[in-house]
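Visitor:
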Amino acid sequence: MPQADPDRSVFRAIADPTRRAILDRLRQGPAPVNELASAFSQSRPAISKHLRILRELNVVSEQRQGRERVYRLEPAELKDVADWILPYRDFWQQSLGNLKSYLENANPEDD
Numbered sequence: 129m130p131q132a133d134p135d136r137s138v139f140r141a142i143a144d145p146t147r148r149a150i151l152d153r154l155r156q157g158p159a160p161v162n163e164l165a166s167a168f169s170q171s172r173p174a175i176s177k178h179l180r181i182l183r184e185l186n187v188v189s190e191q192r193q194g195r196e197r198v199y200r201l202e203p204a205e206l207k208d209v210a211d212w213i214l215p216y217r218d219f220w221q222q223s224l225g226n227l228k229s230y231l232e233n234a235n236p237e238d239d
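In structure tokens form, the structure reads like this:
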């Protein structure tokens, strides 16, 4: 069985802040590449490279509309990330709940 290329994982893709920002924008709905690129100080070719990586991992899809390429978020491909992070969310909620309980029940020291 061939091993997965670690450079081609969704986890590595979302480790990049520019790609996370692109995904955040696409949560609002599909957007043409020029609109996406205009939100960054990076060159359009650099943004296109980020989009290509996301597209190759099926995290976004591309559709041609006339002369434009419109990108759309494909959230199902992020399921592995969500599954991995869920226990950490539960951990932090429990930890914060324990801290809240401790602080509410702590006896204030007499001055």
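In the numbering used here, the protein residues as written are 129 to 239. Idealized CB from N, CA, C, for every residue including glycine.
Tell me the DSSP bridge mates of Leu201?
Guide: Val188
Visitor: In whole angstroms, what separates the C-alpha of Pro173 from that of Arg155?
Guide: 22 Å
Visitor: Give a yes or no on whether the C-beta atoms belonging to Ala167 and Arg153 are separated by under 9 Å.
Guide: For Ala167 and Arg153, yes; Cβs fall inside 9 Å.
Visitor: Tell me whether Gln193 sits in a helix, a strand or coil according to DSSP, three-state version.
Guide: strand
Visitor: What is the DSSP secondary structure of Pro173, counted as helix, strand or coil?
Guide: helix
Visitor: Can you round the beta-carbon distance between Pro158 and Tyr199 to whole angstroms, since I take them to be within the 8 Å contact cut?
Guide: 6 Å
Visitor: Leaving out five residues before and five after Ser176 in sequence, what residues of the same chain have Cβ atoms less than 7 Å from its Cβ?
Guide: Val161
Visitor: Under a Cβ-count criterion, where at least 16 other Cβ atoms within 10 Å of its own Cβ denotes burial, should Arg147 be classed as buried or exposed?
Guide: buried
Visitor: Could you round the C-beta distance between Leu179 and Ile213 to whole angstroms and report it? I think they count as a contact, below 8 Å.
Guide: Between Ile213 and Leu179 the Cβ distance is about 24 Å, and since that is not below 8 Å, they are no contact.
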